[in-house]
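J.: According to the working numbering, the stretch in the sequence shown is residues 59 to 566, in order.
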Amino acid sequence: MTLPSHDTLTAETTDVLRRLGVDALSADGDLPAHSPVTGGELGRLRATTPDEVTAAVAAAHDAFLEWRTVPAPARGQLVRELGLLLREHKEDLGALVSIEAGKIRSEGLGEVQEMIDICDLAVGLSRQLTGLTIASERPGHRMMEQWHPLGVVGIISAFNFPVAVWSWNAALALVCGDPVVWKPSEKTMLTALGCQALVREAIRRVGAPEALSTVILGDAAVGERLVDDPRVALLSATGSTRMGKAVAPRVAARFGKLLLELGGNNAAVVAPSADLDLAVRGIVFSAAGTAGQRCTTLRRVIAHESIVEDLVTRLTAAYETLPIGSPLADGTLVGPLVDEASYRGYSDAIAKAKANGGTVLVGDERVLADEAPDAFYVRPTLVRMPTQSEIVQTETFAPILYVMTYRDFDEALEMHNDVPQGLSSSIFTLNVREAERFVAADGSDCGIANVNIGPSGAEIGGAFGGEKETGGGRESGSDAWRAYMRRTTNTINYSTELPLAQGVEFGV
Ligand code: NAD
Numbered sequence: 059m060t061l062p063s064h065d066t067l068t069a070e071t072t073d074v075l076r077r078l079g080v081d082a083l084s085a086d087g088d089l090p091a092h093s094p095v096t097g098g099e100l101g102r103l104r105a106t107t108p109d110e111v112t113a114a115v116a117a118a119h120d121a122f123l124e125w126r127t128v129p130a131p132a133r134g135q136l137v138r139e140l141g142l143l144l145r146e147h148k149e150d151l152g153a154l155v156s157i158e159a160g161k162i163r164s165e166g167l168g169e170v171q172e173m174i175d176i177c178d179l180a181v182g183l184s185r186q187l188t189g190l191t192i193a194s195e196r197p198g199h200r201m202m203e204q205w206h207p208l209g210v211v212g213i214i215s216a217f218n219f220p221v222a223v224w225s226w227n228a229a230l231a232l233v234c235g236d237p238v239v240w241k242p243s244e245k246t247m248l249t250a251l252g253c254q255a256l257v258r259e260a261i262r263r264v265g266a267p268e269a270l271s272t273v274i275l276g277d278a279a280v281g282e283r284l285v286d287d288p289r290v291a292l293l294s295a296t297g298s299t300r301m302g303k304a305v306a307p308r309v310a311a312r313f314g315k316l317l318l319e320l321g322g323n324n325a326a327v328v329a330p331s332a333d334l335d336l337a338v339r340g341i342v343f344s345a346a347g348t349a350g351q352r353c354t355t356l357r358r359v360i361a362h363e364s365i366v367e368d369l370v371t372r373l374t375a376a377y378e379t380l381p382i383g384s385p386l387a388d389g390t391l392v393g394p395l396v397d398e399a400s401y402r403g404y405s406d407a408i409a410k411a412k413a414n415g416g417t418v419l420v421g422d423e424r425v426l427a428d429e430a431p432d433a434f435y436v437r438p439t440l441v442r443m444p445t446q447s448e449i450v451q452t453e454t455f456a457p458i459l460y461v462m463t464y465r466d467f468d469e470a471l472e473m474h475n476d477v478p479q480g481l482s483s484s485i486f487t488l489n490v491r492e493a494e495r496f497v498a499a500d501g502s503d504c505g506i507a508n509v510n511i512g513p514s515g516a517e518i519g520g521a522f523g524g525e526k527e528t529g530g531g532r533e534s535g536s537d538a539w540r541a542y543m544r545r546t547t548n549t550i551n552y553s554t555e556l557p558l559a560q561g562v563e564f565g566v
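1. Going by C-alpha distance, which of I162, V210, Q204 is nearest A117?
2. Could you spell out the range, first to last residue, of the alpha helix (DSSP H) harbouring G134?
3. Cβ of L248 versus every heavy atom of the ligand NAD: is any distance shorter than 8 angstroms?
4. Using 10 angstroms around the beta-carbon of G415, count the other beta-carbons present and answer buried if the total reaches 16, otherwise exposed.
5. For I174 and G141, which I take to be in contact (beta-carbon distance under 8 angstroms), what is that distance rounded to the nearest angstrom?
6. Using the beta-carbon count (16 or more within 10 Å), is S63 buried or exposed?
7. Tell whether a beta-carbon distance below 9 angstroms holds between A326 and L356.
8. Extract the residue ranges of the beta strand (DSSP E) inside the region 237 to 295, only unbroken runs of 3 or more that lie entirely within it.
9. Classify R163 as helix, strand or coil using the three-state DSSP reduction.
10. Pull up the distance between the alpha-carbon of A538 and that of V566, whole angstroms please.
11. I believe R545 touches E203 by the beta-carbon criterion, under 8 angstroms. Please report the beta-carbon distance rounded to the nearest angstrom.
12. From the DSSP output, in three-state form, read off S93 for me.
13. So for Q204, helix, strand or coil by DSSP?
14. Hey, how far is the Cα of V181 from the Cα of I506?
15. Which same chain residues, not among the five before or five after A541, have their C-beta less than 6 angstroms away from its C-beta?
16. Would DSSP call G212 helix, strand or coil?
17. Please tell me whether, using a cut-off of 8 angstroms, the distance from the CB of P108 to the nearest non-hydrogen atom of the ligand NAD is below it.
18. In the DSSP assignment, find the alpha helix (DSSP H) that holds S225 and state where it starts and stops.
19. According to the neighbour-count rule (16 or more other Cβ atoms, all chains shown, within 10 Å of its Cβ), is E319 buried or exposed?
20. According to the neighbour-count rule (16 or more other Cβ atoms, all chains shown, within 10 Å of its Cβ), is Y377 buried or exposed?
21. Comparing alpha-carbon positions, which option in E124, R77, P108, T72 lies nearest E99?
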């Protein structure tokens, strides 16, 4: 499968950026923007200085003071405009995701569709930010809870969902009354600028304060300015557990609010009754799709010993024929790894798995290296492991799937939960007892537990996030909006008396 020339790719990028209204590339910029498709540089951008970050947060805070008094349904109109602009520019923004993050075309478009979906959800939500009315123990009193805008939301995002994660945060934050300041991954800055151009146009159309959305560019040091700024009321950070461990104590030290979406190490239990045709399709999409670079990527299969040989035979056949190549070409299912460090992570993990008794069934192979020496395409790898050793318990952000076996269901659950991460999980079974137990309190300990589908590919209607080292945050649907608001409890006395709670007497 041939790759596009770097000149062709650069020309396409320039056209797409122009149509999105982005004019930020500069020859003397200090931040190179690369494409994993060819490994070449697409252009350069200027890093945001520390003073500019501080100024951006100050402007966002000023915008907050205005935006918080705008009625929520009117705030929803801004997100409605954003959703319309995303529909209009879906092809271009999706292409940019493919060029910059290496996702195959349909996944690039799917990511933009996810942004459109969350905008729709947030617009509806803008009329449903409801609180409780609570019965008071005191006569002539009423109690209620209200949800108010919180303040500036700082967003730090990872390369692998370069636009959707921002939109999950931004769409909810904006209807909740909060401005956003976004530090995207230094690997996917162009897509961030594309989003920023669209949201600024939406802001212009509804006449809202300009500083409701800002992008700051740079590495971890730029992110740290956001982390430490006391005017950032909520920091929503998506990335590795390593990043979360660096960021969380700093935000906690200033009593800021945190929403963490960190690494996963997701498994599928395949039971004796499983529909193996369905399981194989679910497993291959979840494990090899996005070249194994999703937080919800399937990394561990825990298969019953009675079906493991059949399953492994089918998986091996599917893996051997997976089309690997340019994510922009029709028919490709597996695009590139994001960079060389990622490739090193892939090779090192496979070497460790082999040292721990693992047998590679397919993979452990770099492909297309002659054609694109600066790009890193690999064959998705299937490794049979005797036990769940340390490397299996580690998230390697690459397409490596470890297959292990179990004898009884309790053992499967124990192996399943015996990792530090707790994002997503799945079981393939036609046995209702196993299915229900897997999603029950003593089943999977993850934030997402699926039956007869793989662990990846969530819809925006449900709350998204996970437990343990995944960080405990929830984004997207359900009641995730509450993280972006502050709650007040109000007691209103409409009587002429002043009774005290708990019958306390205080006669004055
Ligand atoms: P990363 O941790 O290297 O970087 C993520 C972001 O954090 C980047 O913008 C980076 O500049 C910033 N950053 C890093 N250190 C920082 C610091 N000390 N202070 C402030 N900012 C800092 O992650 P990545 O390689 O871009 O993405 C892959 C990881 O993200 C995987 O572990 C994956 O599981 C995780 N992820 C999780 C979710 C989720 O929802 N749980 C979603 C996507 C990705």
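By construction, the Cβ of each residue, glycine as well, lies at the ideal position given by its N, Cα and C atoms. Since this is a predicted model, take the numbers as computed values, not measurements.
T.: Taking the definition as stated:
1. Within the sequence shown, the letter at position 59 stands for residue 117. The shortest Cα separation from A117 among I162, V210, Q204 belongs to V210.
2. If you number the sequence shown from 1, residue 134 lands on position 76. Where G134 is concerned, the enclosing alpha helix (DSSP H) stretches over 130 to 146.
3. On the sequence shown, position 190 is the one that residue 248 refers to. No.
4. One-based indexing of the sequence shown puts residue 415 at position 357. Its Cβ having fewer than 16 others within 10 Å, G415 is exposed.
5. Working through the sequence shown from its first residue, we reach residue 174 at position 116. Working through the sequence shown from its first residue, we reach residue 141 at position 83. Sure, about 5 angstroms apart at Cβ, within 8 angstroms.
6. The residue you call residue 63 lines up with position 5 of the sequence shown. That one is exposed.
7. As a first step, residue 326 must be located in the sequence shown, where it is residue number 268. As a first step, residue 356 must be located in the sequence shown, where it is residue number 298. Against a cut-off of 9 angstroms, the Cβ pair of L356 and A326 comes out as a contact.
8. 238 to 241, 271 to 273
9. In the sequence shown, residue 163 corresponds to position 105, counting from 1. It is helical.
10. What you label residue 538 is simply residue 480 of the sequence shown in a count that begins at 1. What you label residue 566 is simply residue 508 of the sequence shown in a count that begins at 1. One C-alpha to the other measures close to 45 angstroms.
11. As a first step, residue 545 is located in the sequence shown; it is residue number 487 there, counting from the start. As a first step, residue 203 is located in the sequence shown; it is residue number 145 there, counting from the start. Right, their Cβ atoms sit about 6 angstroms apart.
12. On the sequence shown, residue 93 is found 35 positions in, with the first residue counted as 1. Of the three classes helix, strand and coil, the one that applies to S93 here is coil, per DSSP.
13. As a first step, residue 204 is located in the sequence shown; it is residue number 146 there, counting from the start. Q204 falls in the strand class under three-state DSSP.
14. Residue mapping note: residue 181 aligns to position 123 of the sequence shown, counting from 1. Residue mapping note: residue 506 aligns to position 448 of the sequence shown, counting from 1. Answer to the nearest angstrom: the Cα atoms are 25 angstroms apart.
15. For the purposes of this step, residue 541 is identified with residue 483 of the sequence shown, where counting begins at 1. L317, listed in sequence order.
16. Working through the sequence shown from its first residue, we reach residue 212 at position 154. Note: G212 maps to strand in three-state DSSP.
17. Within the sequence shown, numbered from 1, the residue matching residue 108 stands at position 50. Not under cutoff, so the answer is no.
18. Within the sequence shown, the letter at position 167 stands for residue 225. Note, S225: alpha helix (DSSP H), 222 to 234.
19. For the purposes of this step, residue 319 is taken as residue 261 along the sequence shown, with counting starting at 1. Buried, because 16 or more other Cβ atoms sit within 10 Å of the Cβ of E319.
20. Here residue 377 is taken as the residue at index 319 of the sequence shown, counted from 1. Buried is the call here.
21. The count along the sequence shown starts at 1 and reaches residue 99 at position 41. When only C-alpha atoms are compared, the closest one is T72.
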